[in-house]
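Right, one structure below, let's go through it.
Number of protein chains: 2
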Amino acid sequence: MPEQSQTEIFDLGDFQLSTGFILSNAKLAYKTHGKLNAAKDNAILFPHFLGGAPEALEIYIGEDRPLDPRKYFIILPGLLGNGVSSSPSNTAAPFDRGAFPQTHIADDVIAQHRLVTEKFGIDELYLVLGWSVGALQTYEWAVRFPHMVKRAASIAGAPKPSPWTLLWLRTAIEEPILADPAWNNGFYTDPQAVQAGLRRQAHVMALTLPPLGFYREGEEVWRAIGFASMDDFVSRFWEAFMLPQDPNNLINQSRKTRAADPSAGGDLSAALSRIKAQMFVVAFTGDRMFPPEECQRDAERIPNAKYWEVNSIGGHLTTFSLTEQDRQAMDDVLRQVLTA
Amino acid sequence: MPEQSQTEIFDLGDFQLSTGFILSNAKLAYKTHGKLNAAKDNAILFPHFLGGAPEALEIYIGEDRPLDPRKYFIILPGLLGNGVSSSPSNTAAPFDRGAFPQTHIADDVIAQHRLVTEKFGIDELYLVLGWSVGALQTYEWAVRFPHMVKRAASIAGAPKPSPWTLLWLRTAIEEPILADPAWNNGFYTDPQAVQAGLRRQAHVMALTLPPLGFYREGEEVWRAIGFASMDDFVSRFWEAFMLPQDPNNLINQSRKTRAADPSAGGDLSAALSRIKAQMFVVAFTGDRMFPPEECQRDAERIPNAKYWEVNSIGGHLTTFSLTEQDRQAMDDVLRQVLTA
């Protein structure tokens, strides 16, 4: 288990977003584990995924875990729009709820850069890593601040969403919310009023994210990870993950994911060629969101990249270490990234 | 092009469903091509898929096509609940609209059996074949009337839906309709009032049915089949397919698909072992709905079955012959089935 750590707030002041809006008294939530050493060269930045929170992947942190806080200073920043950092759910009018301005991955990385430099005085990060939308942030970091990122690991991610991922975000995340009459253009009074939409999100996620082995007769991975039936898995895993979320926050995160692009509309290959970090591009067998063949193609566009495919059970969900095989595979990935 | 053929109606009279309800003046729609020969041994029965109609796969019928009406008498029966046979959309009170009783695949096959025997006096079908929900009917035929089916072809199908298919039916077909406020428990006055739900169905189908190559940069199969963009494909292929449908009819078809089981809750392997037909189990590479490894497992439970996997572009959609490669592959499948 990681040492206890409280969620902290870094005050961004009046923070100008890439859209031009200024968020007054903007907040970036974060957690840390371990201590920054005197040379300030042991910092790891580990941003989170869509619907996540700074503590979402603390399973990798601990004295017997790959991210050892005795050795590393681990910073877990919270996405803008995640409900803890400045978000539709916690911002005052005129930017409350459905009127919160759209944030972008570039805004997140700029806010994180300010935390890393202003709060901690760090010039170079030993490692930036992330899974899924965390990987989108990792790419943005490696392209935007190439001299600050010593190594970077994209785990089941990409520099920008694929066309299928765009369709997924619209269909799995946005439409179920937007079609719920209780959505009311984002001006609901209780997020739970939109629970039917949140459940339908959960169902489309359950349909599209686990590899087929999760459901197939004779395999039924849900059984091995502690569920009594497919329906139990859909309810207690997927609905349980989505129901506590705030719909406006999810829409904000989905749209920023759709718009992610480290080349900002320019030449993506040229942007990737500017990466200075030792880059690790890790893909999971059976991941429909970030298929291995697409990750490999990304890696080929980066000057100093190592690609590898993890033969996993969980597909895109491998990062959650739901099975012992996936846990060992992921631990091995992180240990190789840290020591390469 | 097939010779012209009108949709005919076979009167089933007071037709008792497997649920116990009696449909008064029940109707089975059908089309035929070709002529029944004197020996009555050239009949092919080709039932249709969820959301289809008797004419849905007439692309395979014609003098230069695998199902040649000069040689075969081809019967295309319409599912109960398809809007032409007795359906929620065309039945009088008390069984109108949302109150139409649930029909099952067994009901369809019993109705088709009456058409084949009473109307045409056929004792044995040269071939029963079907794709997807058409294949579910094919299995029901081969198990229920083993001495009447000389050969049978399941094309991208199964005897009963897999767990993932159950989740798909609920998530892709039923929930988008049931969540639409205009659904009104099936007592809408205009099916188009439920158009938002029909569109969301189309989007989940677009997300889940085509292989990833349809969307992947550099492949973009939508381009090869005549669409201008991914969004154009989603609109003019998927929405165009779903928007003319009646929501109650779709719910009826989805629920009958979910309940399909030629063993009627018994021992499926024992049921499949009773098949007398020469059975062809055809799977498509990249089909998530009926994955090749699952189809192969089905084939192994049938006494006289030949399994083969078609290396296709379209995955589950290969049957639509959207590309020339898929058209040739499907034509080859049918020609082999007919001459084996």
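Note that the protein sequences, when read in sequence, are chains V and P. Residues in the first sequence are numbered from 354 upward in steps of one, following this note's numbering. Residues in the second sequence are numbered from 354 upward in steps of one, following this note's numbering. For each residue, glycine too, the CB sits at the ideal point set by N, CA and C.
1) Checking the sheet assignment: what are the DSSP bridge partners for Ile508/V?
2) Taking C-beta pairs closer than 7 angstroms, name the residues in chain V that Met669/P reaches, listed in chain order.
3) In this structure, does DSSP put Thr385/V in helix, strand or coil?
4) Sorted by chain position, which residues of the same chain lie with C-beta nearer than 8 angstroms to Ile530/P's C-beta, five sequence neighbours on each side aside?
5) Take Gln631/P and list the residues in its own chain whose beta-carbon comes closer than 6 angstroms to its own, dropping the five residues that flank it on each side.
6) Could you tell me whether the region 419 to 429 of chain P touches the region 569 to 579 of chain P, using the rule of 3 or more Cβ pairs below 8 angstroms?
7) Please list, in chain order, the chain P residues whose beta carbon lies closer than 7 angstroms to that of Arg467/V.
8) Rounded to whole angstroms, what is the Cα-Cα separation between Asn435/P and Leu381/V?
9) Where are the beta strand (DSSP E) runs, 3 residues long or more, that stay fully inside the region 374 to 460 of chain V, in chain order?
10) Where does His669/P land, buried or exposed, given buried means 16+ other C-beta within 10 angstroms?
11) Could you check where the alpha helix (DSSP H) with Trp575/P kicks off and where it finishes?
12) According to the Cβ coordinates, are Thr456/V and Lys659/V closer than 8 angstroms?
13) Along chain P, in chain order, which residues have C-beta atoms closer than 7 angstroms to that of Thr524/V?
14) Considering only the beta carbon of each residue, do Pro534/V and Leu625/V sit closer than 8 angstroms?
15) Are any of the Cβ atoms in chain V nearer than 8 angstroms to that of Trp521/P?
16) Which same chain residues end up closer than 6 angstroms to Gly308/V when comparing Cβ atoms and leaving out the 5 residues on each side of it in sequence?
17) Count the other CB atoms within 10 Å of the CB of Ile397/P; is the residue buried (16 or more) or exposed (fewer)?
18) Whose Cβ in chain V lies nearer than 9 angstroms to the Cβ of Glu416/P?
19) Beta-carbon separation of Ala652/P and Phe643/P under 8 angstroms?
20) Strictly below 9 angstroms CB to CB, what residues from chain P border Glu592/V?
21) According to DSSP, simplified to helix, strand and coil, what is Lys503/V?
22) Bridge partners of Asp364/P, per DSSP?
23) Against Met683/P, what residues of chain V qualify as contacts under a CB-to-CB distance less than 7 angstroms, listed in chain order?
24) Count the other C-beta atoms from every protein chain shown that fall within 10 angstroms of the C-beta of Thr692/V, then say buried if there are 16 or more, exposed otherwise.
25) So with Cβ pairs under 8 angstroms, would you call Pro441/P a contact of chain V?
26) Drop a sphere of 10 angstroms on the beta-carbon of Thr470/V, count the other beta-carbons inside from all chains shown, and report buried for 16 or more, exposed for fewer.
27) Following the continuous alpha helix (DSSP H) through Trp521/P, name the residue where it begins and the one where it ends.
28) Using a Cβ cut-off of 9 angstroms, pull out every chain P residue sitting near Arg569/V, in sequence order please.
29) Check each candidate in Glu493/V, Val496/V, Ser442/V, Lys393/V and name the one with the smallest Cα separation from Leu478/V.
30) Is the beta carbon of Ser582/V closer than 8 angstroms to that of Leu694/V?
31) From the beta carbon of Leu675/P, is the nearest beta carbon of chain V less than 8 angstroms away?
32) Report yes if the C-beta of Ala464/V is less than 7 angstroms from at least one heavy atom of the ligand GDP; otherwise report no.
33) Any beta carbon of chain P sitting closer than 8 angstroms to that of Leu603/V?
34) From Met354/P to Ser515/V, what does the alpha carbon distance come to, in whole angstroms?
35) Would you kindly check if the distance between the Cβ of Thr676/V and the Cβ of Met683/V is under 8 angstroms?
36) Any idea what DSSP makes of Glu527/V, helix, strand or coil?
This is what the structure gives:
1) What you label residue 508/V is simply residue 155 of the first sequence in a count that begins at 1. The partner list for Ile508/V (beta bridge, DSSP) reads Trp484/V, Val635/V.
2) Your numbering for residue 669/P matches position 316 in the second sequence. Strictly speaking, residue 669/P in this sequence is His, with Met absent from that position. Neighbours of His669/P in chain V, taken as residues whose beta carbon is under 7 angstroms from its own, are absent, since the nearest beta carbon is some 13 angstroms off.
3) Start at 1 with the first residue of the first sequence, and residue 385/V comes out as number 32. For Thr385/V, the secondary structure class from DSSP, reduced to helix, strand or coil, is strand.
4) Counted from its first residue, the second sequence places residue 530/P at position 177. These residues qualify, in order along the chain: Trp536, Val547, Gly550, Leu551, Gln554, Pro600, Leu603, Ile604.
5) Taking the first residue of the second sequence as position 1, residue 631/P is located at position 278. So the list reads Arg504, Asn657, once near-sequence residues are dropped.
6) Segments in contact, no.
7) By one-based count along the first sequence, residue 467/V stands at place 114. Counting only Cβ-Cβ distances below 7 angstroms, Arg467/V has no contacts in chain P at all, with the closest Cβ about 34 angstroms away.
8) Position 82 of the second sequence holds residue 435/P. Position 28 of the first sequence holds residue 381/V. Rounded to the nearest angstrom, the two C-alpha atoms are 54 angstroms apart.
9) Counting only runs of 3 or more, we get 375 to 386, 396 to 398, 426 to 430.
10) Translated into the one-based positions of the second sequence, residue 669/P becomes position 316. The residue is buried, with at least 16 neighbouring Cβ atoms inside 10 Å.
11) If you number the second sequence from 1, residue 575/P lands on position 222. Per DSSP, Trp575/P is one residue of the alpha helix (DSSP H) stretching across 574 to 577.
12) Start at 1 with the first residue of the first sequence, and residue 456/V comes out as number 103. Start at 1 with the first residue of the first sequence, and residue 659/V comes out as number 306. Their beta carbons are not under 8 angstroms apart, which means Thr456/V does not touch Lys659/V by this criterion.
13) The count along the first sequence starts at 1 and reaches residue 524/V at position 171. Against Thr524/V, the close residues of chain P are His556, Val557, Leu560, in the order they occur along the chain (beta-carbon pairs closer than 7 angstroms).
14) Taking the first sequence and counting its residues from 1, the one referred to as residue 534/V is at position 181. Taking the first sequence and counting its residues from 1, the one referred to as residue 625/V is at position 272. No, these two residues do not count as a Cβ contact at 8 angstroms.
15) As a working note, residue 521/P is residue 168 in the second sequence. Yes - at least one Cβ of chain V is within 8 angstroms of the one on Trp521/P.
16) Nothing about residue 308/V can be reported from this structure: the residues present for chain V run from 354 to 693 only.
17) Counting from one through the second sequence, the residue named residue 397/P turns up at place 44. By the Cβ-count criterion, Ile397/P is buried, with 16 or more other Cβ atoms from all chains shown falling within 10 Å of its own Cβ.
18) Taking the first residue of the second sequence as position 1, residue 416/P is located at position 63. What Glu416/P touches in chain V: nothing, since even the nearest Cβ is about 40 angstroms away.
19) In the second sequence, residue 652/P corresponds to position 299, counting from 1. In the second sequence, residue 643/P corresponds to position 290, counting from 1. Against a cut-off of 8 angstroms, the Cβ pair of Phe643/P and Ala652/P comes out as no contact.
20) Working through the first sequence from its first residue, we reach residue 592/V at position 239. Residues of chain P whose Cβ lies closer than 9 angstroms to the Cβ of Glu592/V do not exist; the shortest such Cβ separation is about 12 angstroms.
21) If you number the first sequence from 1, residue 503/V lands on position 150. Coil.
22) Within the second sequence, the letter at position 11 stands for residue 364/P. According to DSSP, which records beta bridges pairwise, Asp364/P is partnered with Lys380/P.
23) For the purposes of this step, residue 683/P is identified with residue 330 of the second sequence, where counting begins at 1. Close partners of Met683/P in chain V (Cβ separation under 7 angstroms) are lacking, with about 24 angstroms as the shortest Cβ gap.
24) In the first sequence, the residue the question calls residue 692/V occupies position 339. Burial call: exposed.
25) Locating residue 441/P in the second sequence gives position 88, where the first residue counts as 1. No, Pro441/P does not count as interfacial toward chain V.
26) Position 117 of the first sequence holds residue 470/V. Label assigned to Thr470/V: exposed.
27) Mapped onto the second sequence, residue 521/P falls at position 168. Its alpha helix (DSSP H) spans residues 516 to 521.
28) Taking the first residue of the first sequence as 1, we reach residue 569/V at position 216. Those within 9 angstroms of Arg569/V in chain P are Ser515, Pro516, Trp517, Pro644, Glu646, Glu647.
29) Looking up residue 478/V in the first sequence gives position 125. With respect to the C-alpha of Leu478/V, the residue from Glu493/V, Val496/V, Ser442/V, Lys393/V having the closest C-alpha is Lys393/V.
30) No answer is possible for residue 694/V: the residues shown for chain V start at 354 and end at 693.
31) Counted from its first residue, the second sequence places residue 675/P at position 322. No, no contact with chain V.
32) In terms of ligand content, the structure shown is empty, and the ligand GDP therefore cannot be addressed.
33) As a first step, residue 603/V must be located in the first sequence, where it is residue number 250. For Leu603/V, the answer is no, since every Cβ of chain P falls outside 8 angstroms of its Cβ.
34) Here the question's residue 354/P lines up with position 1 in the second sequence. Here the question's residue 515/V lines up with position 162 in the first sequence. Any reading at Met354/P needs caution, since the residue's pLDDT is 44, under 50, leaving its predicted position unreliable; the model's value is listed next. Roughly 39 angstroms separates the two Cα atoms.
35) Within the first sequence, residue 683/V is the residue found at index 330, counting from 1. Within the first sequence, residue 676/V is the residue found at index 323, counting from 1. Against a cut-off of 8 angstroms, the Cβ pair of Thr676/V and Met683/V comes out as no contact.
36) For the purposes of this step, residue 527/V is identified with residue 174 of the first sequence, where counting begins at 1. Helix at Glu527/V.
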